[in-house]
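Data first, discussion second: the structure below is written as structure tokens.
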Amino acid sequence: MAQRPTKEERRAIAIMGRTMTRRAICDATGRPMGTVSRILKAYRETGRIEDAPRGRPARATSHEEDLLIVAASAANPFLSAKEIRDELGLRSVSLPTIRRRLHEAGIHSRVASQKTLLEESHRRARLEFASACESCSPDNWRAVVFTDEASFCTRWDVQRRVWRVRLICVLFIADELWAAVQEEWERIRLLPDYVNSLYDSLPRRIASVAERQGGPIIY
């Protein structure tokens, strides 16, 4: 495919058009007749040397349809682009257009992770722990040092996708993080009743696990 004429070539063709025939200009520049004719016509009618600005094609969806596409993904984030299109009756709109409208709203497709369900071994372990601690009082629990460390895994074997708003990751330096930890710690120290209520709730939590035979509880 021949390269588009440069601005200098267009200017030269326009100047040559004052005294030379189009065929002679084609021979001198090596450009096809259609290109030479288009440049000369634009120059004579408008005095323009550069290519005419190209307008953007009309959007395939209206503003109201754009809002409906976003609303559909918010109502059910697990809908695919095809399902959104079919649900809204936008049969003439392509799937890439549906995705672009969601991207414009900051919504992107992600692989949904699933938490591991309680298996029978988990239930037995939970029930054994509840049985061992069923006689522990709130004062007994106050002697326990709890940490936030926990091990868990999410399932990635089921590749189900979901529409999610892209989160903005804000990085903090160590001093800012430490200041936030200190602020939260001081806030907890000013709420002794809140901490005591957590200890007081532990016997009820243990009893609930036992009642449900190691199954999930409301806490």
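For the record, in the sequence shown the residue sitting at position 77 is 77 according to full-length UniProt numbering, with numbers rising by one throughout. Note that the Cβ used here is the ideal one computed from N, Cα and C, for glycine as well. A quick note: this is a predicted structure, and the numbers were derived from the prediction, not measured.
### Query
Buried or exposed: where does Ala174 fall if 16 or more other Cβ atoms within 10 Å of its Cβ makes it buried?
The residue you call residue 174 lines up with position 174 of the sequence shown. So Ala174 ends up on the exposed side.
### Query
Hey, quick one: how far does the beta strand (DSSP E) through Arg110 stretch, first residue to last?
By 1-based counting over the sequence shown, the position of residue 110 is 110. Note, Arg110: beta strand (DSSP E), Ile107 to Val111.
### Query
Can Asp66 and Arg99 be called in contact, C-beta distance under 7 angstroms?
Taking the sequence shown and counting its residues from 1, the one referred to as residue 66 is at position 66. Taking the sequence shown and counting its residues from 1, the one referred to as residue 99 is at position 99. Against a cut-off of 7 angstroms, the Cβ pair of Arg99 and Asp66 comes out as no contact.
### Query
Who pairs with residue 223 in a beta bridge, going by DSSP?
This structure does not reach residue 223, given that the chain is present from 1 up to 219, and the question cannot be answered.
### Message
Using only the alpha-carbon positions, how far apart do residue 288 and Arg4 sit?
### Response
Not covered by the structure: residue 288. The range shown for the chain is 1 to 219.
### Message
Restricting to Cα atoms, I'd like to know which of Arg160, Arg126, Arg44 and Phe129 is closest to Pro77.
### Response
Locating residue 77 in the sequence shown gives position 77, where the first residue counts as 1. Ranking the options by Cα distance to Pro77, first place goes to Arg160.
### Query
What residue from Leu68, Ile107 and Tyr43 has the CA that sits closest to Glu87's CA?
On the sequence shown, position 87 is the one that residue 87 refers to. Ranking the options by Cα distance to Glu87, first place goes to Leu68.
### Query
What are the start and end residues of each continuous alpha helix (DSSP H) run of 4 or more residues lying completely inside the segment 10–69, in chain order?
22–29 and 33–46
### Query
Anyone know if the C-beta pair for Ala130 and Val209 falls short of 7 angstroms?
The count along the sequence shown starts at 1 and reaches residue 130 at position 130. The count along the sequence shown starts at 1 and reaches residue 209 at position 209. Yes, the Cβ-Cβ distance between Ala130 and Val209 is below 7 angstroms.
### Task
Determine the DSSP secondary structure at Ile206, reduced to helix, strand or coil.
For the purposes of this step, residue 206 is identified with residue 206 of the sequence shown, where counting begins at 1. Residue state, collapsed to three classes: helix.
### Query
Nearest-angstrom Cα distance between Gly30 and Arg22?
Here residue 30 corresponds to residue number 30 of the sequence shown, with the count starting at 1. Here residue 22 corresponds to residue number 22 of the sequence shown, with the count starting at 1. One C-alpha to the other measures close to 11 angstroms.
### Query
Is it true that the CB of Ile107 sits closer than 7 angstroms to the CB of Val165?
The residue labelled residue 165 in the question sits at position 165 within the sequence shown. The residue labelled residue 107 in the question sits at position 107 within the sequence shown. In this structure, Ile107 lies closer than 7 angstroms to Val165 by Cβ.
### Message
As a quick exercise: from Ser73, Arg126, Arg10 and Glu83, pick the residue whose alpha carbon is nearest that of His103.
### Response
One-based indexing of the sequence shown puts residue 103 at position 103. The residue with the shortest Cα to Cα distance from His103 is Ser73.
### Query
Just the Cα atoms here: how many angstroms apart are Tyr194 and Thr97?
To locate residue 194, count along the sequence shown from 1; it is residue 194. To locate residue 97, count along the sequence shown from 1; it is residue 97. Approximately 51 angstroms between the Cα atoms of the pair.
### Query
Secondary structure at Ile173, three-state DSSP: helix, strand or coil?
As a first step, residue 173 is located in the sequence shown; it is residue number 173 there, counting from the start. In the three-state reduction of the DSSP assignment, Ile173 falls in the coil class, being assigned neither a helical nor a strand state.
### Task
Just tell me which of Arg126, Ile25, Val162 and Tyr43 has its CA closest to the CA of Ala75.
On the sequence shown, residue 75 is found 75 positions in, with the first residue counted as 1. Checking every option, the nearest Cα to that of Ala75 belongs to Val162.
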